[in-house]
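A.B. asks: Heads up, the sequence shown is in UniProt numbering, so the first residue is 1 and it goes up one at a time. All residues carry an ideal CB built from backbone N, CA and C; glycine is no exception.
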Amino acid sequence: MAIARRLHGEVWVAGSGSLVDEVVAALSPHGVVVVTGEPGTGKTWLAGRVLDAVDRKRVVIGCRGLPDGPYVLVREMVSGLAGGDLRPVLAAVEADELHHVCRALRDLLGAWLVVVEDLECADHRSRQVLRYLVTRPPENAALLLTWTPGAEPPLGTRLSSAASAGMHHVEVGPWTAAETAAFVGRSCAGELHELTGGVPVLVHALVNHLSSEEDQPREALRRKGVPRSVSELVEQRLASLPEQARPVVAAAALSRRPVSISLLGEVCGLGAPEVEAALAAAVDTGVMASADGRAFTFHPPVSGIVVERGLHPIERRRGHAAYVAALHRDQDAPGDLVFHSRSAGDLVTAARYAERAVQHMNTADAIELLQELLAEPDLPRAQRGALAVRLGRLGLGSLAYDETVALLRGILADGRLPAGLRGELRLDLALLLANQAGDGESGRAQLRVAIAELGRRPALAARAMSALAVPYWGSCHVAENLRWLAEVERTVPDRGDPVLLLAIAVNRASTLAQIGDPRAWDAIAELPADGATIGERRELLRGCANFSDAAIALGHHLAAADFLTGAEDLASRSGPSYPWQMATSNRLRLDHVTGRWDGLAERAKAYLELATHTTFVAVDASLVLAQLALARGEWDEAEEYLGAHGLRSMNGWYGPVVICAAATRIRLALVRGRTEEAVDELAATVEVLHGKGVWAWATELVDAGVEALLLTGDPVGAKRLLDEFAADVAGRDCPFAHSMVPFGRAAIAAARERFDDAATLYDQAATLLAALPRPYEHARALEAAARCLPPSSGRLTEATRLFTTLGATWDLARCDHLVREHGGTTGARPGRRGYGTELSPRERQVARLLALGRTNRQIAEVLFLSPRTVERHAASVLHKLGATGRDELRPEDHG
């Protein structure tokens, strides 16, 4: 019988489980269990748990460290067997009569449990005795043997690999990646699994050794060293390594990747036969393994770090210099050359190779390489400046910006930098601050300084000016943005770097698009359809992201969809970047405004999880989730999402998302009866818009503001707000704004009880909104028109259909309530099918709100029902779902 089992992570950690029970059963009352596995996989742990689980006489012997001599293990075993006649065994041992030793020891064991660990370390004679006992087990004794697989099985090939009568095999192995992740519970679990090979004892040791902030285990271990327990485990294997193999293993430890025989030969100055012999010895001892038949790596990789850390610093530097000499002709290894040059202390050479390396690396890896090199305090100024320019350019397309910003600030603090270089670096810093960091005011301040420093570099100066023309950045009036745009057109040279000139053209088109200037379409059409280089494609991708953002806010939804399609194509050919993340978040907003709400909340939440490292990019997803929650009557959740960093203009970012978030806060405050809060939010945001002098992307704010002012009894203020908005957008290309002007006028007319005029204006707005399309606002316009007309109007039926399709629960309930007030129903008519054990639409609404923790009274308020009706629905929901309480319900299961 064989117990062919891996030792799973959860069993090893918990200290109990079926495997321990199976081994105990296999040893009761007699039997033989052999446990094999690599060091650290849990053999000793398993033996210990078995000993804890049994109540019988036992003797436990560890073979590691025993003297090398015949019958040493047998003598240790006999000395632990108290109470029996030891003389026959000891006499046979003294006479070296193997057969007599075997028989005498078998008779002596009686009902004992014998545990022998690390049998591969036992002397040859003792292993022969154990082989005899395994093949002829005593009637009442039990044997539990552990060993580490190696070149020579301690009981011979047949017994070590196959089950015999009464003998059981247990193979313990490393954890899977999933088991490691479950135990580690940190983002670095994947790298820890790779470093340790999933060996449980190594995973335990490293998790306890590394702090929760150290999310790059490999670098942390190289910096602070490995735990002593790990070093000892590796050193046990190294101890049996032949002396002539040690230099080869040491050289291999200096490489960051699997290393070939030929490269190791060049580094060590040895021929292929010597290297092959050394690697064969390293594989036999379990220190190294063949990666693909041609290259070799450490097994597990953390062993290489132990070896590397054990080298003298001078020896390490010489080894890295040898790698540089061996690799300098390899055109495919610029990254390795940077690493080895830097490790050898040759920073000038490392900088030269870094210039070459970043041309062949993805953006994230290239930025990491440059950041590491620029962090070297001894890097000469000339190399530091050149690499910083590279870093700045790459950083503009990257999501991770904190470290790059800090490095650029530090380099700019060097007063000896030439003005032109300083201006170029400051330009990159400014763009990072205004874009990725969302700090428009700081970005603009840096841009103004950069322009002065770039006096002799007109193309770069024009690039900085074109950034100052962007209206979303900073609190300045749009007139200032347009002055900078005019200055760009006077300054930009006719010829120069194609990427730089394209960036300026993209900014000009973006500025015009954001303010609804009709000239934007010609400016966009003048841009090339594609780029000849990755740099040009990335600028066009940035343009598509900017244009889609503006188009969504202004109401050009078909154009926005086309821009996002273009962005997707460009991103597929230029790699992941910050502009592509912008375009992805814009897609969420476009889906929201055009009514593609099915699965939108799940997509937005997934995007939030992916964008945790760049919170400013993620604000679109937070806004979409807040708007969806408001439409569902989930007001607590809406308020939480509106608290996301970046949804207020704290740092001088005044884009559509910020203004739309203010509008959503006003609506939420009105729903919750906090009218004073709504009016304060409106006043603060209108002050911002007065400062900007442009209203093109403030349509949602004006809509919510008119409602707030009317509810507080200020129709004059509402008209004044709407008139100012209408006057500004009249000459701009912003169809959403033009659609909502009649909506606002209708609301004011209804407040003055001019219902026929109001209905006509609402119908006009509904027609315009349907054409965009903006189905949610379309439905609101139809509902509002229906409130101004006799109950027989079909507008309410269409509004109900639209709200149902969208999943706007709260709005739908409001329409239902209006119909019920007039004695009708939007629900099912006679003859409808019954729902049986399925939840009805109303019950699904109630179930979701129950799962979110709402009380019956709160649900009644959202769904315009009586608390008693909600109570009845709640009881039906729990009954149909077989739930005993509300805490068993999950929101995601009910829409």
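#1: Suppose contacts are defined by Cβ-Cβ distances below 7 Å. Is A245 in contact with E308 by that definition?
#2: For the putative contact between A663 and E700, defined by C-beta atoms under 8 Å, what is the C-beta separation to the nearest angstrom?
#3: So what does DSSP say about E171, is it helix, strand or coil?
#4: Quick check on the DSSP output: the beta strand (DSSP E) that includes S290 runs from which residue to which?
#5: Can you tell me whether D816 is buried or exposed? The criterion is at least 16 other CB atoms within 10 Å of its CB, across all chains shown.
#6: Do you know how far the Cα of A784 is from the Cα of A683?
#7: For V13, which three-state DSSP category applies?
#8: Below 8 Å, how does it come out for the stretch 132 to 141 and the stretch 30 to 37: are there three or more Cβ pairs, yes or no?
#9: Considering only C-alpha positions, which residue in the set H340, A388, R416, L279 is nearest to E403?
#10: Per DSSP, what kind of secondary structure is V449 in: helix, strand or coil?
#11: Given A751, which residues of its chain have a CB within under 7 Å of its CB, disregarding the five upstream and five downstream residues?
#12: Between D728 and A430, what straight-line distance do the alpha-carbon atoms span, to the nearest angstrom?
#13: Determine, using beta-carbon pairs with one atom in the stretch 573 to 588 and one in the stretch 380 to 400, whether at least three such pairs fall under 8 Å.
#14: Among the candidates S212, A413, V78, V93, whose CA atom is the shortest distance from the CA of L109?
#15: How would you write the range of the alpha helix (DSSP H) that T584 sits in, first residue to last?
#16: Take every Cβ of the stretch 219 to 237, pair it with every Cβ of the stretch 191 to 206, and state whether three or more of those distances are shorter than 8 Å.
#17: Roughly how many angstroms separate the alpha carbons of A618 and Y607, rounded to a whole number?
#18: Considering only C-alpha positions, which residue in the set Y641, R106, A178, V657 is nearest to L143?
#19: If you draw a straight line from the alpha carbon of R218 to that of L769, how long is it in whole angstroms?
#20: For residue 901, which of helix, strand or coil comes out of DSSP?
#21: In chain order, what are the residue ranges of uninterrupted alpha helix (DSSP H) at least 4 long that sit wholly in the stretch 711 to 779?
#22: Helix, strand or coil for I61? Go by DSSP, reduced to three states.
#23: Measure the C-alpha to C-alpha separation of V74 and F296 and round it to an integer number of angstroms.
#24: Below 8 Å CB to CB, which residues in the same chain sit around L761 once its five sequence neighbours on both sides are set aside?
#25: Contact between the stretch 372 to 382 and the stretch 356 to 364: three or more CB pairs below 8 Å?
#26: Of all the CB atoms in chain D, is at least one closer than 7 Å to the CB of V729?
#27: If you draw a straight line from the C-alpha of A189 to the C-alpha of T584, how long is it?
#28: When DSSP labels each residue in this structure, what does N213 get in the three-state scheme?
#29: With the cut-off set at 7 Å, would you say R56 and L113 are in Cβ contact?
#30: Who are the near neighbours of L369 in its chain, counting only those whose CB is closer than 8 Å to its CB and skipping five residues on each side?
#31: Going straight from the alpha carbon of P867 to that of L210, what length do you get?
#32: Within its chain, find whatever has a CB closer than 8 Å to the CB of E453; leave out the 5 residues flanking it on each side and keep chain order.
#33: Could you tell me the distance, in whole angstroms, from the CA atom of R842 to the CA atom of L849?
#34: Residues in the same chain with beta-carbon distance under 6 Å from V405, minus the five sequence neighbours each way, listed in chain order, please.
#35: Of the choices V306, A529, R795, whose alpha-carbon is the least far from that of A250?
#36: According to DSSP, W653 sits in a beta bridge with which residue or residues?
C.D. replies: Put simply:
#1: Counting from one through the sequence shown, the residue named residue 245 turns up at place 245. Counting from one through the sequence shown, the residue named residue 308 turns up at place 308. Their beta carbons are not under 7 Å apart, which means A245 does not touch E308 by this criterion.
#2: As a working mapping, residue 663 is identified with position 663 in the sequence shown. As a working mapping, residue 700 is identified with position 700 in the sequence shown. Yes, A663 and E700 are in contact; Cβ-Cβ is about 4 Å, under 8 Å.
#3: What you label residue 171 is simply residue 171 of the sequence shown in a count that begins at 1. Reduced to three states, the DSSP call for E171 is strand.
#4: Within the sequence shown, the letter at position 290 stands for residue 290. Taken as a continuous stretch (DSSP letters only), the beta strand (DSSP E) holding S290 covers 288 to 290.
#5: Here the question's residue 816 lines up with position 816 in the sequence shown. Classification of D816: buried, given that the 10 Å Cβ count is 16 or more.
#6: Within the sequence shown, numbered from 1, the residue matching residue 683 stands at position 683. Within the sequence shown, numbered from 1, the residue matching residue 784 stands at position 784. So the two alpha carbons sit approximately 25 Å from each other.
#7: The count along the sequence shown starts at 1 and reaches residue 13 at position 13. Bear in mind that a pLDDT of 36 at V13, under 50, signals an unreliable position, so the number given afterwards is only what the model happens to contain. Under the three-state reduction of DSSP output, V13 falls in the helix class.
#8: Yes: at least three Cβ pairs fall under 8 Å.
#9: Reading the sequence shown from its first residue, position 403 is the one you call residue 403. Closest by alpha carbon: A388.
#10: Here residue 449 refers to the residue found at position 449 of the sequence shown. If DSSP states are grouped into helix, strand and coil, V449 belongs with the helices.
#11: Position 751 of the sequence shown, counted from the first residue, corresponds to residue 751. Cβ within range, chain order: L710, P715.
#12: Taking the first residue of the sequence shown as position 1, residue 728 is located at position 728. Taking the first residue of the sequence shown as position 1, residue 430 is located at position 430. Answer to the nearest angstrom: the Cα atoms are 31 Å apart.
#13: Under the three-pair Cβ rule at 8 Å, the stretch 573 to 588 counts as touching the stretch 380 to 400.
#14: Here residue 109 is taken as the residue at index 109 of the sequence shown, counted from 1. Per the C-alpha coordinates, the member of S212, A413, V78, V93 positioned closest to L109 is V78.
#15: Looking up residue 584 in the sequence shown gives position 584. Run containing T584: 578 to 593, per the alpha helix (DSSP H) assignment.
#16: Short answer: they touch.
#17: For the purposes of this step, residue 618 is identified with residue 618 of the sequence shown, where counting begins at 1. For the purposes of this step, residue 607 is identified with residue 607 of the sequence shown, where counting begins at 1. Roughly 7 Å separates the two Cα atoms.
#18: Locating residue 143 in the sequence shown gives position 143, counting from the first residue. Taking only the C-alpha atoms, the option nearest L143 is R106.
#19: As a position in the sequence shown, residue 218 is number 218, starting the count at 1. As a position in the sequence shown, residue 769 is number 769, starting the count at 1. The straight-line gap from Cα to Cα measures roughly 56 Å.
#20: Residue 901 falls outside the range modelled here, since the chain spans only 1 to 895, and no answer is possible.
#21: Taking 4 residues as the minimum length, the alpha helix (DSSP H) runs contained wholly in the stretch 711 to 779 are 715 to 729, 735 to 751, 755 to 771, in order along the chain.
#22: As a first step, residue 61 must be located in the sequence shown, where it is residue number 61. DSSP, read as helix, strand or coil, puts I61 in strand.
#23: For this step, residue 74 is matched to residue 74 along the sequence shown. For this step, residue 296 is matched to residue 296 along the sequence shown. Cα to Cα, the separation comes out at about 40 Å.
#24: Looking up residue 761 in the sequence shown gives position 761. Apart from sequence neighbours up to five positions away, the residues of its chain that approach L761 with a beta-carbon distance below 8 Å are P742, F743, R745, A746, A749, ordered along the chain.
#25: Output reads no: the stretch 356 to 364 does not touch the stretch 372 to 382.
#26: This model lacks chain D altogether, as it is built from one protein chain only.
#27: What you label residue 189 is simply residue 189 of the sequence shown in a count that begins at 1. What you label residue 584 is simply residue 584 of the sequence shown in a count that begins at 1. Going by the C-alpha atoms only, they are around 28 Å apart.
#28: As a working mapping, residue 213 is identified with position 213 in the sequence shown. The sequence shown places Glu at residue 213, not Asn. Of the three classes helix, strand and coil, the one that applies to E213 here is coil, per DSSP.
#29: Along the sequence shown, one-based indexing puts residue 56 at 56. Along the sequence shown, one-based indexing puts residue 113 at 113. In contact: R56 and L113 (Cβ atoms closer than 7 Å).
#30: Here residue 369 corresponds to residue number 369 of the sequence shown, with the count starting at 1. In its chain, beyond the 5 residues on either side, G335, V338, A354, A357, V358, M361 have a beta carbon closer than 8 Å to the beta carbon of L369.
#31: Start at 1 with the first residue of the sequence shown, and residue 867 comes out as number 867. Start at 1 with the first residue of the sequence shown, and residue 210 comes out as number 210. Using only the alpha carbons, I get a separation of about 54 Å.
#32: Numbered from 1 along the sequence shown, position 453 holds the residue referred to as residue 453. A distance below 8 Å between beta-carbons, with the five flanking residues on each side excluded, links E453 to the following residues of its chain, in chain order: A419, G420, R422, G423, R426.
#33: Here the question's residue 842 lines up with position 842 in the sequence shown. Here the question's residue 849 lines up with position 849 in the sequence shown. Rounded to whole angstroms, the separation of the alpha carbons of L849 and R842 is 11 Å.
#34: Indexing the sequence shown from 1 puts residue 405 at position 405. Taking C-beta separations shorter than 6 Å and ignoring five residues to either side along the sequence, the partners of V405 in its chain run L432, following chain order.
#35: The residue given as residue 250 occupies position 250 in the sequence shown. By alpha-carbon distance to A250, the top candidate from V306, A529, R795 is V306.
#36: Here residue 653 corresponds to residue number 653 of the sequence shown, with the count starting at 1. Residue pairing by DSSP places W653 opposite W473 in a beta bridge.
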